[in-house]
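Using this note's numbering, the first residue of the sequence shown is number 17, and each one after it goes up by one.
C-beta atoms are modelled at their ideal positions from N, C-alpha and C, and glycine is treated no differently.
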Amino acid sequence: MSRPVVLIADDDQEVAMLMRTYLRPLDCDLITASDGEEALALAQSRLPDAVLLDVVMPKRSGWEVCQALKAVQRTSHIGVILVTGRGDVKDRLTGLQVGADDYLVKPFDRNEVVKRVGAVLDRARGRGELAQAGRSALEAMLLDRATALPSLPLVLDRVKEMLIEHGEIGMVYVDIEQFETIEAEFGWALFDELLCNVGSIISAEARQRFRNAIVTCHRTGGSSFYVFYETRGQDLSEENASERVANELREKLIAATRRRFPSLHSEQMGFFVGTARIDYRPQIRLERQVYSGMRVAADAVRDAEQQRKKQLTRELRDIIRRKRVTTLFQPIVHAKDAAVFGYEILTRGPANSSFRNSDMLFTFAREVKLAWALEAIALEGALKRLRQVDLLDRKFLLNLEAEMFGESEFRIHEMVSFFAEHRGHFVFELTERAAIEDYGQFRELLTEFRDKGIEIAIDDAGSGYASLEAIAAIAPDYLKITKSLVSTLADEPIKQDLVKMLVELGGKINAKTLAEGIETQEEYETCRDLGIDLIQGYYFAHPQEDVRLGDAEVAESLATRAL
17 MSRPVVLIAD DDQEVAMLMR TYLRPLDCDL ITASDGEEAL ALAQSRLPDA VLLDVVMPKR
77 SGWEVCQALK AVQRTSHIGV ILVTGRGDVK DRLTGLQVGA DDYLVKPFDR NEVVKRVGAV
137 LDRARGRGEL AQAGRSALEA MLLDRATALP SLPLVLDRVK EMLIEHGEIG MVYVDIEQFE
197 TIEAEFGWAL FDELLCNVGS IISAEARQRF RNAIVTCHRT GGSSFYVFYE TRGQDLSEEN
257 ASERVANELR EKLIAATRRR FPSLHSEQMG FFVGTARIDY RPQIRLERQV YSGMRVAADA
317 VRDAEQQRKK QLTRELRDII RRKRVTTLFQ PIVHAKDAAV FGYEILTRGP ANSSFRNSDM
377 LFTFAREVKL AWALEAIALE GALKRLRQVD LLDRKFLLNL EAEMFGESEF RIHEMVSFFA
437 EHRGHFVFEL TERAAIEDYG QFRELLTEFR DKGIEIAIDD AGSGYASLEA IAAIAPDYLK
497 ITKSLVSTLA DEPIKQDLVK MLVELGGKIN AKTLAEGIET QEEYETCRDL GIDLIQGYYF
557 AHPQEDVRLG DAEVAESLAT RAL
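Dropping the structure here:
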């Protein structure tokens, strides 16, 4: 096996020399660059196994070089380690967003450098072998993991050939309705299974209905699909025939999915299906013809989505008017021993409605300017249920938008009074989706709550919503770590570093850390080992109307898994 090649890109020659010394134990061929342009050119020409990129360099930043390398198939396998003198959460999040594999913070520890670069080299070698395989590597990266279907770039050449040969092709576009709410309520594992099932049904129908059909997912990790087919000789070029195909496919998908996933409610089960036809026009670039047809099919779906939005708005107004919401409690457990710590108070719409999922309910209410009315009945329902609950020694977390405090304190007055009567049991979980304009005034309000025995949590810590400014200004009692950091945490060093930093930050400000969205044993164990204090997620328990049912589900999880 040839020696690995590592590119060191840093405009500080002393740092580059230090890295050369530290990396000797890895037996690498080392090349250097002193600015971002040179680094990008060397990476593109030499295709090293790993690149150490100083974040601040002349001509191009390390972030820009990383993004450029990861965006192109030929260089995407290169392991990228960003090097910086700052290791704050914002910088690490930026590195994660541009595709970096790891992060090194100055001043360096020799052993840490060897360990991290060695790990990136190991992963990069595997990716490099795939990249050298040519087409197989491309297919591996552009195949959708859940459905095993190719994404559009893999089949585009075949679609163009079909259009040239036949002069006309048809297409069907399928989009899963409310896919975000399904994943949020039932978890990514079930949603991936749903995607796989839908992809299989579409593929089977396409093979049965169309000659030489090409089935593709719109993009990897998405929830929409395209079918391209020959129209010649199939009586499918007329608009009414295409509409018939769309309706029949929609009904078949709904029926088959309901049989396969009985836990999903009928209101959550929907598919938007659009159709289009492309006539070959030699004077127009083929890619544009294909993408234009795709837009036509998607536009037909968007028209249906707009009608659906109007229907959902009417449904939500009726729910608010009739106060048809349910208060649920999801257990929160201690990470070390899985003993129940408390519960998050959640609000859902009716079980037979489109708003059974809490995230869908509040997200849509904000979108159609009904958030205040919904919050009012949600608080009313939560307070009614809390008066019936034996609080014991448990904590109860109630999620509220930060902007709600300053603009409408009167709306939560009764809730605050109840919390004050039962000091030490309640936590306001703040979601900062709108900027807090006056932190001084906001802190004064929070001080009043704390004087009444109400604690404060920051939701979505580690995301753009929960800014470092908010954490520093509010000094919360709890940091609730966003789901996006927990997912695949065990496999991503940068996410692990971010979580470690949040745990350390929590220790410094005397705040407990709470990880939400835990669905697997691996996620739980990784969070526990990283020092997170509290855990919430389907791995232990689902939201329940009675806290005793939640306790029972946690106990059953402990007995089954012997944690």
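For residue 73, does the three-state DSSP call read helix, strand or coil?
coil
Tell me whether the beta-carbon of residue 407 lies closer than 9 angstroms to the beta-carbon of residue 444.
no
On the premise that residue 115 lies in contact with residue 86, defined as a C-beta separation below 8 angstroms, what is that separation, rounded to the nearest angstrom?
3 angstroms
Let me make sure I understand the geometry here. Which of 545, 544, 533 and 271 has the alpha-carbon closest to that of residue 552?
533
Would you tell me roughly how many angstroms separate the C-alpha atoms of residue 539 and residue 547, rounded to the nearest one?
13 angstroms
Flag this pair as touching only if the segment 122-135 and the segment 29-38 have three or more C-beta atom pairs under 8 angstroms; answer yes or no.
yes
Ordered along the chain, which non-local residues of its own chain (more than five positions away) have a Cβ less than 7 angstroms from that of residue 491?
525
Please list the terminal residues of the continuous alpha helix (DSSP H) segment that includes residue 432.
429-437
Going by C-alpha distance, which of 469, 467, 465 and 486 is nearest residue 475?
486
Per DSSP, residue 363 forms a beta bridge with which residues?
343
Between 59, 72, 99 and 527, which has its C-alpha nearest residue 84's C-alpha?
59
Residue 372, DSSP secondary structure in three states
coil
Using a Cβ-Cβ cut-off of 6 angstroms (strictly less than) and excluding sequence neighbours within five positions of residue 432, which residues of its own chain qualify?
none
If you draw a straight line from the alpha carbon of residue 559 to that of residue 350, how long is it in whole angstroms?
17 angstroms
Using a Cβ-Cβ cut-off of 8 angstroms (strictly less than) and excluding sequence neighbours within five positions of residue 272, which residues of its own chain qualify?
213 and 217
Rounding to the nearest angstrom, what Cα-Cα distance links residue 468 and residue 411 in this structure?
15 angstroms
To the nearest angstrom, report how far apart residue 577 and residue 565 are at their CA atoms.
18 angstroms
Any C-beta of chain B under 9 angstroms from that of residue 517:
In the structure shown, chain B cannot be found, because there is only a single protein chain.
Verify whether the separation of the beta carbon atoms of residue 345 and residue 261 is less than 9 angstroms.
no
Beta-carbon proximity list for residue 329, same chain, < 6 angstroms, skipping 5 on both sides
384
What's the call for residue 224, buried or exposed, on a 16-neighbour Cβ count within 10 Å?
exposed
Report, in whole angstroms, the separation of the C-beta atoms of residue 68 and residue 121, which I expect to be a contact under 8 angstroms.
Wrong, their Cβ atoms sit about 13 angstroms apart, outside the cutoff.
Residues bridged to residue 166 (per DSSP):
159
Please list the segments of the beta strand (DSSP E) lying wholly inside the segment 508-574, counting only runs of 3 or more residues, in order along the chain.
528-532 and 550-552
Among residues of its own chain, excluding the 5 on either side of residue 292, which ones have a beta-carbon nearer than 6 angstroms to its beta-carbon?
187, 309, 312 and 313
With H, G and I counted as helix, E and B as strand and the rest as coil, what does DSSP make of residue 214?
helix
Residue from 235, 174 and 516 whose Cα sits closest to the Cα of residue 303:
174
Closest Cα partner of residue 226 within the set 167, 245, 364 and 208
245
Does the distance from the C-beta atom of residue 15 to that of residue 140 stay below 9 angstroms?
A query on residue 15 cannot be resolved here, the shown segment of the chain reaching from 17 to 579 and no further.
On the CB-based measure, 16 or more other CB atoms within 10 Å of its CB, does residue 149 come out buried or exposed?
Unreliable positioning characterises residue 149 in this predicted model, as indicated by a pLDDT of 47, which lies under 50. A coordinate reading is not provided.
Starting from residue 191, follow its DSSP beta bridges and name the residues at the other end.
240 and 288
With H, G and I counted as helix, E and B as strand and the rest as coil, what does DSSP make of residue 183?
coil
Rounded to a whole number of angstroms, what is the C-alpha to C-alpha distance between residue 52 and residue 30?
17 angstroms
In angstroms with no decimal places, state the Cα-to-Cα distance between residue 253 and residue 477.
Its pLDDT being 45, under 50, residue 253 is placed unreliably in this model, and the coordinates cannot settle the point.
In angstroms with no decimal places, state the Cα-to-Cα distance between residue 334 and residue 511.
42 angstroms
Whole-angstrom distance between residue 379 and residue 370, CA atom to CA atom
13 angstroms
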